[in-house]
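According to the numbering used here, the sequence shown is numbered sequentially starting from 138. Worksheet: the structure to be examined is printed underneath.
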Amino acid sequence: MSLGSAAELAWFGEFVCGASRAPGAARDQRRMAMSVEVKIGISDSNRELSIQSTLTSDKVYAEVEAALGGKQQLLSLVDDKGSRYLVPVTKISYIEVGGGENRKVGFGS
């Protein structure tokens, strides 16, 4: 097999690397790989609730701040798998909002 033209080389590089030809696919994969860890301490419980959210750290912080500010009775969060969590604001002991980080996909060293 002869890979001579630039188009053939570009196609071969995309094929080998698994890249998609869709214009926004790489951006969408990066967006999906972002996660923010949210840890919620619940009063009268020995364990904390840990959630991986696809929201940005600032958006999670704003939702937590609105709930704790008395605007809402429940803190509502959705994790990266689509599960929904409702936590009564009166039962929250503490909340830790981690910074946004890229999850490593595949084999890393």
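Heads up, the beta-carbon is just placed ideally off N, CA and C, and yes, glycines get one too.
The continuous beta strand (DSSP E) containing K176 extends over residues M171 to I179. For V234, the uninterrupted beta strand (DSSP E) run begins and ends at I229 to V234, by DSSP. Boundaries of the beta strand (DSSP E) around V215: L211 to V215.
When the beta-carbon positions are compared, S190 and V173 come within less than 8 Å of each other. Counting only residues of its own chain and dropping the five nearest sequence neighbours on each side, F244 has no CB closer than 7 Å to any other CB.
With fewer than 16 other Cβ atoms inside 10 Å of its own Cβ, V215 counts as exposed.
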